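For the sequence shown, the numbering used here gives the first residue as 3, with consecutive numbering after it.
Don't be surprised by glycine CBs; every beta carbon is placed ideally from N, CA and C.
All values reported here derive from a predicted model rather than from experimental measurement.
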Amino acid sequence: MITIKKIILAGLFLNAVLPAAVENILFDDVTMRLERDIQEATRRQAIIAHNVANAEVEGFKPIRFKEELKALQGKPGGVSADRVVVEEEMVKMAKNRLRHQTLLKLYTMKTSTVKTVLSQGK
């Protein structure tokens, strides 16, 4: 799986070896949490889009992100709603899109700051 870390390493430091200190700055706990949250928001958006796309399909049961997450963790899930309410899904999608954009902005700001600091040393 291609991670944001791999993309940044390829883009910023092509054919370069990162000193351990620089790698620790780039990929600290905050950065790694941002990466996980961005991936989660991306998955959530896909689930919501799937629900909206299938809202009119007879017998379709909507997928709920929290239930899917519990299933992946081996925990029992709750009861899913029997139908898709498109308006509710669109509200969820808008909130999630805003969250995703905010996370990406924070991630970009953090990596841009590190890139600026590193380029000052040249």
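Excluding sequence positions up to five away, which residues of its chain have a Cβ less than 6 angstroms from the Cβ of Phe-62?
Asn-56
Would DSSP call Val-86 helix, strand or coil?
coil
Using only CA atoms, which one of Val-87, Leu-100 and Gln-47 lies nearest to Lys-68?
Gln-47
Would you call the segment 100-111 and the segment 36-47 touching, i.e. three or more CB-CB distances under 8 angstroms?
yes
C-alpha distance - Asp-84 paired with Met-95, whole-angstrom precision:
19 angstroms
Distance check for Arg-35 and Met-51, CA to CA, integer angstroms please.
The displayed chain sequence assigns Ala, not Met, to residue 51. Roughly 24 angstroms separates the two Cα atoms.
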